[in-house]
Amino acid sequence: MDKGLLAACLMAASAMAWGADDGQDRAHLAADIMTADARLFGGINARDIGPMKEGFSRRLEFYHDRSGVTGYDENISAFEKMFKAANRVRREALPETVEVFPSGPDHAMHIGKHRFCNKPSASEPEACSVYRFSMVWAREDGAWKLLRVLSYDH
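Listed below in structure tokens is the structure:
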């Protein structure tokens, strides 16, 4: 048998075995990721940097289609500055758009859309927009941490 064909067959069999986990494991993973997501973004909505410091991996890479690539320290600093400003930003999850996929035993891919609302001041109306994201979560020391973010369609 051709080595390339053998390798392709082994990869396909591996993928089928991974997908054969009866859906229960994937549902559990999705619930875990959605809980980690809610905790992290709850920090944004409450203007509390604690959940963000805990929820971002120290190896964070955040790719934004307008502002480029940033890491953990840059994101923590930016959120701390934002939380001190009069401007109020909040994030709403759109669970009907979300998909979670396993990526080995300690990583998960999380894609979907979310709504960000911005209220520049008490006298100005809130404006909201929906954006797309692709995120990779990593299990670090028993907790799910946000490792990679692609934030786009702004």
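With mature numbering (1 follows the signal peptide of the UniProt record, and there is no 0) applied, the sequence shown covers -19 to -1, 1 to 135. Idealized CB from N, CA, C, for every residue including glycine.
Is it the case that the Cβ atoms of residue i and residue j are separated by a distance below 8 Å?
| i | j | result |
| --- | --- | --- |
| Lys100 | Arg69 | yes |
| Leu10 | Val81 | yes |
| Arg96 | Phe64 | no |
| Ile14 | Trp125 | yes |
| Ile30 | Glu61 | yes |
| Asp18 | Ala103 | no |
| Phe114 | Leu128 | no |
Quick check on DSSP: helix, strand or coil for residue i?
| i | result |
| --- | --- |
| Gly85 | coil |
| Leu10 | helix |
| Arg28 | coil |
| Gly23 | helix |
| Leu(-14) | Confidence in Leu(-14) is poor, its pLDDT being 39 and thus under 50, which makes the residue's placement too unreliable to answer from. |
| Gly4 | coil |
Who are residue i's beta bridge partners in DSSP?
| i | result |
| --- | --- |
| Ala108 | Asn99 |
| Ile92 | Glu80 and Ser115 |
| Leu131 | Tyr44 and Ser115 |
| Lys126 | Ala119 |
| Arg72 | Phe97 |
| Gly49 | His45 |
Have a look at residue i and residue j and give me their C-alpha separation to the nearest angstrom.
| i | j | result |
| --- | --- | --- |
| Ile57 | Ala66 | 15 Å |
| His88 | Asp6 | 13 Å |
| Asp46 | Lys94 | 15 Å |
| Val117 | Pro32 | 17 Å |
| Tyr133 | Tyr112 | 6 Å |
| Phe43 | Gly49 | 8 Å |
| Lys34 | Glu107 | 27 Å |
| Arg40 | Tyr53 | 7 Å |
| Ser38 | Glu105 | 35 Å |
| Gly23 | Gly85 | 27 Å |
The alpha helix (DSSP H) with residue i in it runs from where to where?
| i | result |
| --- | --- |
| Ala59 | Tyr53 to Lys65 |
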